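Scroll down for the structure; my scribbles are underneath it.
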Amino acid sequence: MIVMKFGGTSVESATAIERVAGIVRDRLPEKPIVVVSAMGKTTNKLLAIASAAINGERQRAIDLAIDLQDFHFRESLRITCEQERQELERFLNVTFQELKELIRGLVVLGELTPRSIDAISSYGERLSSVIVAHAFRYFGIPTEHIDSRKVIVTDSRHTQAAPILEETYSRLAGQVRPVAEQNVVVMGGFIGATEAGATSTLGRGGSDFTASIVGAGIGASEIQIWTDVDGMLTGDPRILPGAGHRVRLISFAEAAELAYFGAKILHPATVVPAMERNIPVHILNSRRPQVEGTRVVAEAVHCANAVKSIACKGNITVVNIHSTRMLMAHGFLHRIFEVFDRFETPVDMVTTSEVSVSLTVDQPGRLEDIVEELSAFAEVEVDPNQAIVCLVGDNIRYTPHVAGRVFNALGGINVRMISQGASLLNLSVVVSQDDLVKSVEALHAEFFRELDPAVFD
Ligand code: ADP
Ligand code: ASP
Ligand code: MG
């Protein structure tokens, strides 16, 4: 049994879904379980609807919902059998009716809670999974839809919910696996439900994570992540259009590090369930299924290049905290992190000197409160508009002069922070947002001038 996850662009239209059906049909002997994202940019549109609703723009919210409704009707009815057409229409009508009721509720409340964000953003996958299941049957694939909210059980940290693995795995083994023995199962990614039955989501980009959880729960032999690029590339194609090379093989640890530092191609939590059960992950392009893609495997392979790929996270904020005493007293770091913890703000990168600590955050929502609290015992300075550039490669730990090459390549660009990760497989620098593209270009040119053909395409 394998898990095949198709992202938003892979199911963005009737044509795209037809392509997906072809890819799945070719793999029927492997008994696929298919996990799909919302169609195209549906999740973003749902969130735009939610903010229009709470800002009192009722009509705009309803109009946007109607656009979404027209889009889902138009694309799905092209790829549905005559005898299932009515049933699908009924489903779409009921679902959009519910969505509009939810919008009216939000207009009245004028407020969005994490739980209502989940309620609204779940509609994308609730729709796409049913549509794709109908389409597969239209294309002759025996298919059954399973509602992920009945299977993926999560805690109640809405918008960032964590799966309760024991219960989820038991449902996957008991309820999904037997169905998948007979038919192709289609499930929505990203969504789940709390034990009390409230709809929850695993965080943006979470369908990759769903695929990995499903793979681990059913004991899949492989988890395939089908997306819109040829695999993990040596640099983010939005920053380096056309310049990146495909990485053939990468380890779980390297992929996790890249995902964490901004490589959107994988949700950062994806590799965890796969790694725990040692299930290989394979990243593939649904528009070019013949390309080999990237294999994510347990152990890093030997590679002549020090670096496998460069990830980056733009628009982050650096917080500099100076001890108001001459030297750092014991307990200083503890007090700092306790404040970030209390305001539920993750810290990505940290460097310290004798009297000061610099750290980065990419969710500055609670920063004002944090600064106020920190100011009771330290001087605090906040620098927005910064970017982290992160070089990842298992070989960094064995290769001398990597830092030297980084600074050389960056030439005159001012480096605000540097950290060679405790994992030893990453080296990160913080530069100003304005220098981000220049920095990535320079580092990419330096570290990928020659390519080890065993690892890169
Ligand atoms: P999906 O909808 O299939 O989940 P995503 O948009 O979430 O797709 O992820 C794929 C995108 O990740 C690519 O289109 C690309 O822009 C971006 N990306 C960022 N870093 C990398 C990288 N190192 N290699 C490949 N793609 C990357
Ligand atoms: N549809 C969700 C999102 O846009 C989940 C996903 O695509 O992985 O974030
Ligand atoms: Mg994604």
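So that you can map any letter, position 409 of the sequence shown is 408 in the working numbering, and since no number is skipped, the others follow by simple counting.
From the three backbone atoms N, C-alpha and C, an ideal C-beta is built for every residue, glycine too.
All values derive from a computational prediction rather than experimental measurement.
Pull up the CB-CB distance for residue i and residue j, whole angstroms please, since I reckon it's below 8 Å.
i	j	result
A192	I278	A192 to I278, Cβ: 24 Å. No contact.
A64	I102	6 Å
I32	V2	5 Å
E256	N425	5 Å
I151	P162	6 Å
Excluding five sequence neighbours on each side, which residues of the same chain lie with their C-beta closer than 7 Å to the C-beta of residue i?
i	result
Q362	T344, P345
A49	L105, L111, I116, I119
Y259	P267
L239	V439, E440, H443
T42	S120, G123
I78	A13, I16, E17, A134, Y137
L373	I320, I335, V338, V379
A160	T153, D154, G191, S199, T200, L201
R57	V106
Please report how far the alpha carbon of residue i lies from the alpha carbon of residue j, in whole angstroms.
i	j	result
R287	V454	20 Å
G187	T153	15 Å
G39	V19	14 Å
E194	T200	13 Å
D235	E86	42 Å
D368	Q68	41 Å
L358	S220	40 Å
G468	F72	The structure shown does not extend to residue 468, since the chain is modelled only from 0 to 456, so the question has no answer here.
N459	D207	Because residue 459 is not part of the residues shown, which for the chain are 0 to 456, the question remains open.
C311	V429	10 Å
L91	F251	39 Å
E298	A47	42 Å
H24	S9	It is worth fixing the name first, because residue 24 is Arg in this sequence and not His. C-alpha separation (whole angstroms): 15 Å.
L76	I130	9 Å
V246	V360	29 Å
V370	A303	45 Å
E457	E74	No information on residue 457 is available, as it lies outside the stretch 0 to 456 that the chain covers here.
T209	N407	41 Å
S147	V213	10 Å
A386	T350	15 Å
S155	V354	39 Å
F446	A402	12 Å
I61	A51	9 Å
Using C-beta distances below 8 Å, list every residue in its chain close to residue i, excluding the 5 sequence neighbours before and after it, in chain order.
i	result
I284	Here residue 284 turns out to be Asn, not Ile, going by the sequence shown. Result list for N284: W225, T226, D227, V228, D229, G230, V290, G292, in chain order.
S127	V10, V35, S36, A37, M38, T41, G187
Give every residue of the same chain whose Cβ lies closer than 6 Å to the Cβ of residue i, excluding the five residues on either side of it in the sequence, and list them in chain order.
i	result
L108	none
V178	E143, V184
G204	H266
F95	Q68
G6	S36, T226
Is the region 264-275 touching the region 403-419, taking contact as three or more C-beta pairs under 8 Å? no
- prompt: Do the region 375-382 and the region 309-327 meet, that is, are 3 or more Cβ pairs less than 8 Å apart?
  reply: yes
Are three or more beta carbon pairs between the region 292-309 and the region 380-394 nearer than 8 Å? yes
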